[in-house]
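Number of protein chains: 2
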Amino acid sequence: MGRKIEFDYNRAIEKATRLFWEKGYSRTSLRELLRVMQIGEGSFYNSIKSKKQLYLECLKHYNNTVSRRRLDALLSDPSVKRGIRAFFKTVLDELDNPRTPRVCLLAGSLSNDVLEERTLERYVLAEMTTFADHFRAKLETARKNGELPANFKVEITAQIVMTYLQGLFRVIRVLHNRAEVEAQIETLLKGLGL
Amino acid sequence: MGRKIEFDYNRAIEKATRLFWEKGYSRTSLRELLRVMQIGEGSFYNSIKSKKQLYLECLKHYNNTVSRRRLDALLSDPSVKRGIRAFFKTVLDELDNPRTPRVCLLAGSLSNDVLEERTLERYVLAEMTTFADHFRAKLETARKNGELPANFKVEITAQIVMTYLQGLFRVIRVLHNRAEVEAQIETLLKGLGL
DNA sequence: ATCAATGTGTAGCGGGCGCTACAAATAATA
DNA sequence: TATTATTTGTAGCGCCCGCTACACATTGAT
Chain A
4 MGRKIEFDYN RAIEKATRLF WEKGYSRTSL RELLRVMQIG EGSFYNSIKS
54 KKQLYLECLK HYNNTVSRRR LDALLSDPSV KRGIRAFFKT VLDELDNPRT
104 PRVCLLAGSL SNDVLEERTL ERYVLAEMTT FADHFRAKLE TARKNGELPA
154 NFKVEITAQI VMTYLQGLFR VIRVLHNRAE VEAQIETLLK GLGL
Chain B
4 MGRKIEFDYN RAIEKATRLF WEKGYSRTSL RELLRVMQIG EGSFYNSIKS
54 KKQLYLECLK HYNNTVSRRR LDALLSDPSV KRGIRAFFKT VLDELDNPRT
104 PRVCLLAGSL SNDVLEERTL ERYVLAEMTT FADHFRAKLE TARKNGELPA
154 NFKVEITAQI VMTYLQGLFR VIRVLHNRAE VEAQIETLLK GLGL
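From first to last, the protein sequence lines are chains A and B.
If you want the numbering used here, it's the position in the first sequence, counting the first as 1, plus 3.
If you want the numbering used here, it's the position in the second sequence, counting the first as 1, plus 3.
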C-alpha cells in the first residue's frame, strides 16, 4: 500500500556526491542539491531526512566507488612499492580528467564544517583509519616478505605518506604540472625506502 | 576635522585574527567578529569596508607575527638542516599551547571559500610562494656551501616539504601525540637527506 | 556659535539557509 | 468504491548572513 517512489535513489546520490565533491559540505546548499538530484523537498525529507544524512550517504557511495578503486590499485599488486605507485597514479589520473572535481571527497571531509557533526566525524575518521590500516598491513607484509628491510619503519612511514597525501590533495588545486607532482612523489617514496 | 576614532584598530585586528584562525573565513560571521573586536557595524563599515578586507588585514597581521617568527626560525640558523627542524619546532610548540588555534591561518586559507575571492587568492598564493622561495634559497645556499651534496634536488625537496606541511596542518587536529609527529618529521627529513 | 567633516550606534533590508506543514496525488486493501 | 498508507509538490517559517541608511555625537576650522 502507499504511493511508489518515483525518483532514482542511486542516481540522486551520485549527483549529490558530485556536487559535494566539488564544493564541500557546508558550501553546498540543499536547494542546489535538490536541483541536481531532480527531487523536491517533499521527497527528500520523506526519505533522506537531512543534509547531514545525505552527506553520509554520499561519502559511503564515494568510498564504494572512487576510494575502492584507489585501494584496489594499492592492494592488487603483490609489491607494495609498485602498489603505492599505482595508487598515486589513480589519484593523478583523475586530475587529468577535466570532468572530475579536483579534491578527494574523503580527504576534503577533514574540515571543521564536517568534523563538527559527530556522526560524520566518526565515519570520516574510521574510513581514513581503515585506509591507513590497509597500507600499514601491506607495508608489514612486505617487510616480512623481504621486499622491505627487516628494520623498515612501517608505522611512521605509513603516517608520513598519509600526511603527505592530505597535503597533496590541498596543494593540487594550485599545482598544474603533473610531471612535477610525479617527480615529487617519486622522490618522496625513494627517500622513504619505497 | 571630524570625530576621532575611538576603538583600538590593532587590538581589533588581533581579536579578529584569532577568531578567523579558529573558525576559518566563511564560517566566521561578521557579527561574531564585531563582538570580539568590540566595535559596531558603523565603525566597521566606515573604516574596514568589508569582511573580505578584514580577512586580508588579518592575514597580513598573522604573517607579520606568527609566520614571521616561523620563518625567522628557519633562516636564523646557518645550517638548513637545523633551520628546518627549528621551523617545525615552532609549529609543534604552538600545538602544545592550548590557547592557540590548531591550524595555520595561512595554510588554512588554501580553501575554496578564501580562494574564490580573487584578491585573497592572490595574496595567499603570493605569501606561500614567498615562504617556499626562502626555503628553496636556503637549500640552494646549503648545496653550494657543501652542507648538502652537489646533486641535491633542491626544487623537488622544497616542494615535498611544503606539501607535507600542508598535510600536517590538516592532520594535526586529529593527531594528538606530539612525539609521534616529531618522529614522522625526523624520518621524513632524514629520508630527504636533510 | 556655526559649520563641515568624520566616527558611532541602531534598526532593518534583501536574500539564502535548513527544514517543516500540509494538501494533493497515487498506491494497495477491504 | 471507500479506506488507509505513502510519496510528492508547494508555500513559507524562523533564523542568520553581509551589508546599508541614517540619525546622532564629536571633532577642528572659521
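Note that beta-carbon positions come from the ideal geometry of N, C-alpha and C, so glycine has one too.
For residue 49 of chain A, the three-state secondary structure derived from DSSP is helix.
Among the CB atoms of chain A, none fall inside 8 Å of the CB of residue 41 of chain B. Chain B has a Cβ within less than 8 Å of the Cβ of residue 174 of chain A. By the rule that beta-carbons nearer than 8 Å mark a contact, residue 186 of chain B touches chain A. Distance from residue 108 of chain A to residue 117 of chain A at the Cβ level is roughly 10 Å; contact not present, criterion being Cβ atoms closer than 8 Å. Pairing residue 138 of chain A with residue 192 of chain A gives a Cβ-Cβ distance that is not under 8 Å.
The beta carbon of residue 59 of chain B sits closer than 7 Å to those of 122, 123, 126, all from its chain and outside the five residues before and after it, given in chain order.
Residue state for residue 112 of chain A is assigned as coil, using DSSP reduced to three classes. Excluding the 5 residues flanking it on each side, residue 172 of chain A has same chain C-beta neighbours closer than 6 Å at 106, 107, 110, in chain order. In this chain, the alpha helix (DSSP H) harbouring residue 134 of chain A covers 121 to 148. Spatial neighbours of residue 119 of chain A in its own chain (CB-CB distance under 6 Å, excluding positions within 5 residues in sequence) are not present.
Counting C-beta pairs with one atom in each stretch, the segment 141 to 160 of chain A and the segment 13 to 21 of chain B have fewer than three that are closer than 8 Å, which means they do not touch. From the beta-carbon of residue 26 of chain B, the residues of chain A found nearer than 8 Å are 115. No Cβ of chain A is located within less than 8 Å of the beta carbon of residue 103 of chain B.
Residue 172 of chain B: member of the alpha helix (DSSP H) spanning 157 to 174, first to last residue. Exposure of residue 129 of chain B is indicated by the presence of fewer than 16 other C-beta atoms within 10 angstroms of its C-beta. Residue 36 of chain A has its alpha-carbon roughly 7 Å from the corresponding atom of residue 22 of chain A.
Under a 10 Å Cβ-count criterion, residue 28 of chain B is classified as buried, with 16 or more other Cβ atoms of the shown protein chains found around its own Cβ. The three-state reading of DSSP puts residue 32 of chain B in coil, since its state is none of H, G, I, E or B. Separation of the CB atoms of residue 57 of chain B and residue 19 of chain B is rounded to 6 Å, and the pair is thereby assigned contact status at 8 Å.
The continuous alpha helix (DSSP H) containing residue 186 of chain A extends over residues 181 to 194. In the same chain as residue 10 of chain B, and ignoring 5 residues on each side of it, the C-beta atoms closer than 7 Å to its own belong to 41, 42, 46, in chain order. Closer than 8 Å to the CB of residue 167 of chain A there is at least one CB belonging to chain B. By the neighbour-count criterion, in which a residue is buried when 16 or more other Cβ atoms sit within 10 angstroms of its Cβ, residue 190 of chain B is buried.
Under the three-state reduction of DSSP, residue 16 of chain A is assigned to helix. Annotation for residue 79 of chain B: the continuous alpha helix (DSSP H) segment containing it runs 71 to 79.
Annotation for residue 55 of chain B: the continuous alpha helix (DSSP H) segment containing it runs 54 to 65. Contact check for residue 170 of chain B and residue 93 of chain A: beta-carbon distance about 18 Å, past the 8 Å limit, so the pair fails to qualify. Straight through space, the alpha carbons of residue 95 of chain A and residue 180 of chain A are spaced by roughly 11 Å. Taking the Cβ atoms as the reference, residue 163 of chain B lies roughly 6 Å from residue 195 of chain B, within the contact range of under 8 Å.
For residue 93 of chain A, the enclosing alpha helix (DSSP H) starts and ends at 83 to 99. Of B:188, B:177, B:159, the smallest CA-CA separation from residue 187 of chain A is found for B:159.
Across the structure, residue 101 of chain A and residue 99 of chain B are spaced so that their CA atoms are roughly 42 Å apart. For the pair residue 84 of chain B and residue 141 of chain B, the Cα-to-Cα distance works out to about 10 Å.
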